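A.B. asks:
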Amino acid sequence: MHSVVCIKQVPDSAQIRVHPVTNTIMRQGVPAIINPYDLFALEEALRLKDRLGGTVTVVTMGPPMAEAALRKCLSYGADDAILVSDRAFAGSDTLATSYALAATIRQIMARQPVDLIFTGKQTIDGDTAQVGPGIAKRLDYQLLTYVSRIVEVDLARKEIVVERRAEGGVQLLKTATPCLITLLEGINEMRFGDLEDLFRAARYDLQVWNREAAGIDEVEMIGLKGSPTVVSKVFAPRPRAQRAQIIETQDSEPRNLAATLLAKVFTQHPKLEKEIAKRAI
Amino acid sequence: MSEKFDVIVVGAGMAGNAAAYTLAKGGLKVLQIERGETPGSKNVQGAILYSDAIERIIPDFRETAPLERHLVEQRVWILDEASYVGSTYRSEDFNKPPYNRYTIIRAHFDQWFSKKAQEAGALTICETTVSELLLDGKRVVGVRTDRKGGEIYADAVILADGVNSRLATKAGFHPEIKPKDVALAVKEIHFLPQETIEARFNIGEEEGVVIEMAGKITQGMMGTGFLYTNKESITLGIGCMLSDFKTQKTTPYELLDKMKQHPAIAPLIAGGEMKEYAAHLIPEGGYNAVPQVFGDGWLMAGDAAMFVNGIHREGSNLAMTTGMLAAQTLIELKAAGKSFSTANLAKYKAKLDDSFVMKDLLKYRRMPDIFHKNKQFFTTYPELLSKAAQSLIRVDGIDKKTKEKEIKKSFVASRSVFGLIGDAFKLWRAVE
Amino acid sequence: MSEQPKKPARKKVELDPRFASYRHVWVFIENERGQVHSVSWELLGEGRKLADRLGVELCGVVMAAPGERGREICREAFHYGADKCYLVQADVLRDYRNEPYTKALTDLVNAYQPEILMLGASTLGRDLAGSVATTLATGLTADCTELAIEEGGRNLAATRPTFGGSLLCTIMTQRHRPQMATVRPRVMSMPEPDPVRSGEIVEVPFSMFESDIVTKVLDFIADDTRDKPNLPFADIIVAGGRGLKKPENFQLVWDLAKVLGAEVGASRPVVQAGWVDLDRQVGQSGKTVRPKLYIAAGISGAIQHRVGMDGADVIIAINSDPNAPIFDFAHFGIVGNAMTILPALTEAFRAQLAQSRKAG
Amino acid sequence: MLKVEEKLFQDRYRVDVGRPHITIKDPEICAHQCQSQQCAVCCPAGCYTQEGTGRVVLIADGCLECGTCRIICDEHRNVEWEWPRGGFGILFKFG
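Chains as they are written, first to last, in this note's numbering: chain A, 448 to 728; chain B, 1057 to 1488; chain C, 196 to 555; chain D, 2 to 96.
#1: Determine whether the beta carbon atoms of Met375 of chain C and Leu319 of chain C lie at a separation below 8 angstroms.
#2: Between B:Gln1174, B:Gly1353, B:Pro1153 and B:Thr1225, which lies nearest to Val1197 of chain B when the distance is taken from Cα to Cα?
#3: With a CB to CB cut of under 6 angstroms and the five nearest residues on each side skipped, what residues in its chain are close to Asn1073 of chain B?
#4: Out of A:Ile564, A:Val451, A:Pro483 and A:His449, state which residue places its alpha-carbon closest to the alpha-carbon of Ser460 of chain A.
#5: Using the rule of at least 16 other Cβ atoms within 10 Å of the residue's Cβ for burial, across every protein chain shown, is Tyr1145 of chain B buried or exposed?
#6: Any heavy atom of the ligand MN closer than 7 angstroms to the Cβ of Asp389 of chain C?
#7: Using a Cβ cut-off of 8 angstroms (strictly closer), state whether Leu645 of chain A contacts chain B.
#8: Anything in chain C within Cβ reach of Ile91 of chain D, meaning under 9 angstroms, just list it in chain order.
#9: Step through the CB atoms of chain C and report whether any lies within less than 8 angstroms of the CB of Glu614 of chain A.
#10: Which of the three DSSP states, helix, strand or coil, is assigned to Lys411 of chain C?
#11: Taking DSSP as the reference, what is the three-state secondary structure of Asn1344 of chain B?
#12: If contacts are defined as beta-carbon pairs under 8 angstroms, then Gly581 of chain A and Leu542 of chain A qualify, I think. What distance do you get, rounded to the angstrom?
#13: With H, G and I counted as helix, E and B as strand and the rest as coil, what does DSSP make of Arg1157 of chain B?
#14: Unbroken alpha helix (DSSP H) runs of length 4 or more, entirely within the region 283-355 of chain C: which are they?
#15: Between the alpha carbons of Met2 of chain D and Asn518 of chain C, how many angstroms are there, rounded?
#16: Excluding the five sequence neighbours on either side, which residues of its own chain have a C-beta within less than 7 angstroms of the C-beta of Ser216 of chain C, listed in chain order?
#17: Alpha carbon to alpha carbon, what distance is there between Ile30 of chain D and Ala497 of chain C?
#18: What three-state label does DSSP hand Ile1409 of chain B in the structure shown?
#19: Any residues in the region 654-683 of chain A with a beta carbon nearer than 7 angstroms to a beta carbon of chain C? Which ones, in chain order?
#20: Report the residues of the region 1171-1200 of chain B with a CB closer than 9 angstroms to any CB of chain A, ordered along the chain.
#21: Use the C-beta contact count for Gln547 of chain C: other C-beta atoms within 10 angstroms, 16 or more gives buried, fewer gives exposed.
#22: May I have the straight-line CA-CA distance separating Val609 of chain A from Thr624 of chain A, to the nearest angstrom?
#23: Could you tell me whether the region 269-284 of chain C touches the region 251-260 of chain C, using the rule of 3 or more Cβ pairs below 8 angstroms?
#24: Does Arg71 of chain D pass the burial test, meaning 16 or more other C-beta atoms within 10 Å, or should it be called exposed?
#25: For Ser197 of chain C and Arg1200 of chain B, I'd like the C-alpha separation in whole angstroms.
#26: Nearest to Gly325 of chain C by alpha carbon, out of A:Ser545, A:Phe682 and A:Ala525?
#27: Once you ignore the five residues that flank Lys94 of chain D on each side, which residues in its own chain have a CB closer than 6 angstroms to its CB?
#28: Short of 8 angstroms in beta carbon distance, which residues of its chain neighbour Phe544 of chain C, apart from the five on each side in sequence? Order them along the chain.
#29: Does the beta carbon of Glu514 of chain A sit closer than 8 angstroms to a beta carbon anywhere in chain C?
#30: Can you give, in chain order, each stretch of the beta strand (DSSP E) that sits fully within the region 508-560 of chain A and has at least 3 residues?
#31: Using a Cβ cut-off of 8 angstroms (strictly closer), state whether Met367 of chain C contacts chain A.
#32: Using the C-alpha atoms, what's the distance from Ala549 of chain A back to Thr368 of chain C?
#33: Which one or two residues does DSSP pair with Cys453 of chain A in a beta bridge?
#34: Taking Met1277 of chain B as part of the beta strand (DSSP E), name the residues at either end of that continuous run.
#35: Following the continuous beta strand (DSSP E) through Phe527 of chain C, name the residue where it begins and the one where it ends.
#36: Does His1368 of chain B pass the burial test, meaning 16 or more other C-beta atoms within 10 Å, or should it be called exposed?
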């Protein structure tokens, strides 16, 4: 069984701070991490490998420093890692990115058949959740998004059964492999690699592919040219850092405090009053 | 299959990196184990880098190392409630390369230093905590980590795992630290536009300023404060003896915030964005607190062995030097085909003794006790100095002769003649 | 949208002539088993404004299996502002599957050429939008919080959170059409339906056979929402923390929640102390919630809790410590003992509801 | 009382959920034998808080791994102090 897991190195958005006065983005000291959603995908692939044997290959498209993210995946137990890095990719949006990753996966398949492709549900910096569907479309593979559990994988008959999170319930789906799966967050917890994995990750001779090695010759499909969307501006939401309106009454009697609070809340948030009236038993 | 190395270095701080780099350069098969996500993510320091120590390890460090500013001005402030008596030393000599001292940011610097060690051939694995030493009788034969299949063997282990040094304590090489031998420091880093920093401290693009502080800011405890200028940020912090912290009710963060509100300090960091709050223990016991630093199959370097010269605020250079000396000892023994037995490793202690490390520690060995028993250096004198300075400077019709009499009277009133002489004698003995 | 925020593109990028004739604003009306997801009505409200600003029609796209109220849903869409509805009915569209839905929507777009196509950012919407955008090789902006037409032009300026919500960015699709966007439920306001409104239904044939489709739906297990707490999707949450001192006092939280029909949440210390079970924990190592109302009783508002709930629309904090960090980001606060304030609040809400039920 | 939470909010942690690396050996000792409870004063991250009932509660999520609590609890040695698992705990961006 051979799984390919696409990961991305992203800024740790929890550490992004907006300067309260100048409203500029404080980028100092924002470390790069593996997109947290991708770790659920990698752990699921590693669990399948534990059960069915085989190997897990990790792929990322990014600058040279993304090597650190790949080495961390190796330290969790991934077998191989490929960094696709080329100046021509600069400025790629999700459409261009899915084109490049699809091409890369074709190159991998030329050397070793692939049963499953995993991506995280979305990235924490882009949050667009379009790269997974994009790759599946370009490879003409079935797409299973928001998968909450892999029920069964039948390598011989090239079939897979999964549970997929839908609105108001869970779909039980069966489809053909190879296919692309994006996983719901929280369905597993990343393992703590063995010492042997740490050594292997530190010693691994990383494969770095440029545009040609990734099998991309249509340059207009990647980078800015291949990107229909463009960011016209980035700005900070107006800060909501005012303190709470503290409710006070002369006698600070609980009953009066409660009444004053309700009055204030409902005058400032009329929609909320309707919402509560509608929903309360 | 468990791995076998010539040497295992535990920790990727100043001592660990210096040891790993020197060992790799010396051709030994060395493994460096760091418990943090990356080298530096667990290390905290005010953060001044002394070129002299790193130059002996990586002579051309200035070309690639992440350095913030080279220091051109040293200020020493004795602070009162709302004032300070200060002295400033600034010299153009410090403005001529090769610069002697730099401010650095440890998370960036340690990552660079460990990368250098890896490029030299050391194998570094992170996110792995060494839980205990593997002992064969009294001899250290390797380490156990917190990962499955976690045993690794080596001919020698260098303990550079920091001031708390759990490994040495568990193996009984190192008694549990006493509150009087260590100081707790808390610090913050505030980001400001580069031009603002340079305007406020009257410095050029690469130049830096250090302010060392003592006095009322430590609320009667024995301790000091500091403020360092980095490229786009200011680091400031305050540390006091843990034995003092233990007997009073001010929390470390209150101490820091009171210091930040001091009229002499507040304007320097005004408008800054605080991006990280850290805390760390600093060995202050000096010479008397240095434990046994070598044994059968192991050496200890850096804060783990209490190698810090408190009075001169020198820690990282002692850490780098002791890490280098430990590595050199192993390289020389291996070249001579000798084992890493206790007897042979005594060579490390000899190297330490004739280096500045032990000489400085020896010189100031009485300093901790003297200051420890004489809080007045941190309470009474700052006030006296500040009052004296104010009265001399203030022009208020009182003749200078009377002012001087008043000042003498105030000193004598609070310390008595014998007290003053005694204090002078203690100060002299402490630094003699 | 490229990941690193870049300088805005200087030169004005012209629309590709191939798309010059693309007109009208479309909203995908998401429905499963005859049930319309409310985000579709919110999008029609937003779509109406965009269509009026551009002087074009607002069209709904309804896909369903025969007998799943297809035409009724179109009529409902007219009440919420649509001028026209494209109705695609086929057996293969019974349960949502990526392949048939993507083909149906892509064919429709190529045939009737909208300039803007909006979908709800539900699991269905995001799955479908990603595939359709890739097939059409056009731009898609996800989870938009604000949609507007660019000053002095026809381009859609889609604003959305980035870097985990700490920043916003405005994204444009200048050369390609349709400009696609998804919007999360409850971000746009729900319009008032006008039962008098009507519109034109355009039936569109769709020929795809079950045998062509690889993925099969074996079963659908509806969420059993009875006892399982559903904090992430809850509209109102009442949460308790260590300030309640004793497990018995947590009953006051349940009482208030019952009156409000709210979910009960808790901070980590009380979950660790075993007062409440793990799937009610709100915060960094628990659930992230975006309710319309979050009442926090006896919760200090430490960082680990704050990151899980400061997305709530209205936060009311009750804490005896005036300096509790929660008062820094809550909207309303009462400094007092939660054990006495909570019962008073429960009574106040009960009275309010009784009175509004009489009037309603 | 100054809020240390505001400071810790700026720091970066990887909390090892369910595996606190520091624990109080015997809470009874804190409650009945230790008057000073200095850990609640000296801990730079405010992890130790004094309950009204005399007990001391430890939540080690915000721990800065300095070692103060272990060292000042020298009369009763009531703190079980270890490093977090590799890669967990405080992760200094600057240090």
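Even for Gly, the Cβ is constructed at its ideal location relative to N, Cα and C.
Note that the structure is a prediction, hence the values are computed from the model and not measured.
C.D. replies: Quick look at the numbers:
#1: no
#2: B:Gly1353
#3: Phe1169, Ser1170 and Ala1173
#4: A:Pro483
#5: exposed
#6: You won't find the ligand MN in this model; it holds no ligand whatsoever.
#7: yes
#8: Residues of chain C passing the Cβ test: none, with the nearest at roughly 13 angstroms.
#9: yes
#10: strand
#11: helix
#12: 6 angstroms
#13: strand
#14: 293-307 and 318-331
#15: Confidence at Met2 of chain D is low in this model, with a pLDDT of 42, below 50, so its placement is unreliable and the value that follows should be read with caution. The alpha-carbon atoms of Met2 of chain D and Asn518 of chain C are separated by roughly 7 angstroms.
#16: Gln308
#17: 27 angstroms
#18: The sequence given here has Asp at residue 1409 of chain B, not Ile. Looking at Asp1409 of chain B - three-state DSSP - the assignment turns out to be helix.
#19: Ser674, Pro675, Thr676, Val677, Val678, Ser679, Lys680, Val681, Phe682 and Ala683
#20: Gln1174, Leu1179, Thr1180, Ile1181, Cys1182, Glu1183 and Thr1184
#21: buried
#22: 12 angstroms
#23: yes
#24: buried
#25: Note that Ser197 of chain C has pLDDT 36, beneath the 50 cutoff, so the model's placement of it is unreliable and no number is given.
#26: A:Ser545
#27: Arg13
#28: Leu451, Val454 and Leu455
#29: no
#30: 527-531
#31: yes
#32: 23 angstroms
#33: A:Val506 and A:Thr566
#34: Note, Met1277 of chain B: premise wrong, no beta strand (DSSP E); not H, not E.
#35: Phe527 to Val530
#36: exposed
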